[in-house]
Every structure is written in structure tokens, then in C-alpha cells.
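Engineer:
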Amino acid sequence: MSVFIFILVAYLVQGLTASTVEVRPVSAEHSGTFLGNRKYRAHHAIDRNWRSKVMTSYGGDNLGTWLRLDLGGEFCVEYVEIWHYLHITNYRSTFTCSEGAENCGSCEGYCGKKTPLTVTVYSSGDESGDEEQGCRRGDTVQVRSHQAHMLSFHEVKVYAKLDD
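Sequential numbering of the sequence shown, starting at 656, is according to the numbering used here.
(1) Below 8 Å on the Cβ atoms is my guess for E677 versus Y777; work out the distance and round it to an integer in Å.
(2) Pull up the distance between the alpha-carbon of W705 and that of W738, whole angstroms please.
(3) Contact between the segment 723-733 and the segment 792-811: three or more CB pairs below 8 Å?
(4) H739 by DSSP, collapsed to three states: which one?
(5) Tell me whether H685 is buried or exposed, calling it buried when 16 or more other Cβ atoms sit within 10 Å of its Cβ.
(6) Under the three-state reduction of DSSP, which class applies to R791: helix, strand or coil?
(7) For H698, is the classification buried or exposed, using 16 other Cβ atoms within 10 angstroms of its Cβ as the cut-off for buried?
(8) Count the other CB atoms within 10 Å of the CB of V681; is the residue buried (16 or more) or exposed (fewer)?
(9) Counting along the chain, where does the beta strand (DSSP E) carrying G699 start and finish?
(10) Where DSSP assigns a beta bridge to S748, which residues make up the other side?
(11) Take E763 and list the residues in its own chain whose beta-carbon comes closer than 8 Å to its own, dropping the five residues that flank it on each side.
(12) In the structure shown, what three-state DSSP assignment does L690 receive?
(13) Answer with buried or exposed for I660, where buried requires no fewer than 16 other C-beta atoms within 10 angstroms of its C-beta.
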């Protein structure tokens, strides 16, 4: 019983509720690696190593610069945390994914002030994403800069509703 209480308290301290879980993406890709350097590859956004980082090249493609995460299954994503490449916790952005919105547009924190970001959740082959109450359903999360600025993150974390 005490182990359960400890785990519940840990979730609440992190800002999670009993009905929200962190989803660990199975893979990541991006529009291009900065200077072709392997230490900036896309998988570093999900490797749980705070000493590594992902950095895209400038320019990207016709979509701008982007980072795409494969969740390994379909989830009802409530919010996405982006830990920008700076060593201060003030540089975390939390994008909330809610019904009625085309993307996860509500943001708290740093929110990419110098590089405006768009965060979307969708299923492979259908970039619209299904909406449910309080979340967006899909198997892919994409972070994009339409201005083709470099994306540089320590980690990207995805949180979803527990399915009933």
C-alpha cells in the first residue's frame, strides 16, 4: 500500500493525475541534422539523457523544420512538454492538446518565443487528428517551425489519457 501511495504522490508532484500517463515514443525523425553531426540526431529528443540534444539544420523542407515522434500506437494526447536547449527549467514549453483546436495551440512556459512552434497530434496518413474531450487522438506528434528556424531540444515528453 505504501508503494502505491508513493507512486501516486510522485505523479501528482510531477503535475500528472491518476488518469494521465507519460507515453514513451518508439522513434523520432526530423527534417535534417545540424551540420550532419550524429550527436544532434532526432532520437536524442526521446533518449532521456539530459546531456544530449537534438538540433535540426536551418531551412528544412517545404514544411519548415520539424521533429516527428512515433508513439508506437494510438493515444489520446493531453499535452506535450518541450525542454528547449538551455540549462534552466524556465525554458520548458507545455502545449495543451484539446478538443476543437486544429493543433496543440495553448502553451504555457517559454513557448518558443524566438521560434514559434506548432505542435500537432495525428494518426499516420491522416494529419488532421481525431479530437476527444480534453485531448487529441493519434499515433504521431509533430513539432514544427514554419519559419524554418533551427529546432534545438533536450527532451520532448508526451502525456496522454489512460484509456478506459
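Each residue gets a CB set at the ideal place from its N, CA and C atoms; glycine is no exception.
Structural biologist: According to the structure shown:
(1) In the sequence shown, the residue the question calls residue 677 occupies position 22. In the sequence shown, the residue the question calls residue 777 occupies position 122. Wrong, their Cβ atoms sit about 20 Å apart, outside the cutoff.
(2) Residue numbering aside, residue 705 sits at position 50 when the sequence shown is read from its first letter. Residue numbering aside, residue 738 sits at position 83 when the sequence shown is read from its first letter. Computed Cα separation, rounded: 9 Å.
(3) yes
(4) Position 84 of the sequence shown, counted from the first residue, corresponds to residue 739. Looking at H739 - three-state DSSP - the assignment turns out to be strand.
(5) Residue 685 sits at position 30 when you count from the first residue of the sequence shown. Answer is buried; the Cβ neighbour count reaches 16.
(6) On the sequence shown, position 136 is the one that residue 791 refers to. Residue state, collapsed to three classes: strand.
(7) Sequence index remark: in the sequence shown, residue 698 carries index 43 (1-based). Exposed: under 16 other Cβ atoms inside 10 Å.
(8) Taking the sequence shown and counting its residues from 1, one reaches residue 681 at position 26. So V681 ends up on the exposed side.
(9) For this step, residue 699 is matched to residue 44 along the sequence shown. Gly is not the amino acid found at residue 699; the sequence shown has His there. No beta strand (DSSP E) holds H699; DSSP gives it neither H nor E.
(10) Here residue 748 refers to the residue found at position 93 of the sequence shown. I737 and G764, per the DSSP bridge assignment.
(11) Along the sequence shown, one-based indexing puts residue 763 at 108. Hits under 8 Å: S748, T749 and T751.
(12) In the sequence shown, residue 690 corresponds to position 35, counting from 1. Of the three classes helix, strand and coil, the one that applies to L690 here is helix, per DSSP.
(13) Taking the first residue of the sequence shown as 1, we reach residue 660 at position 5. Summary for I660: the model assigns pLDDT 39, below 50, so the residue's position carries little reliability; its value from the coordinates is reported in the next sentence. Looking at its Cβ environment, which holds fewer than 16 other Cβ atoms inside 10 Å, I660 is exposed.
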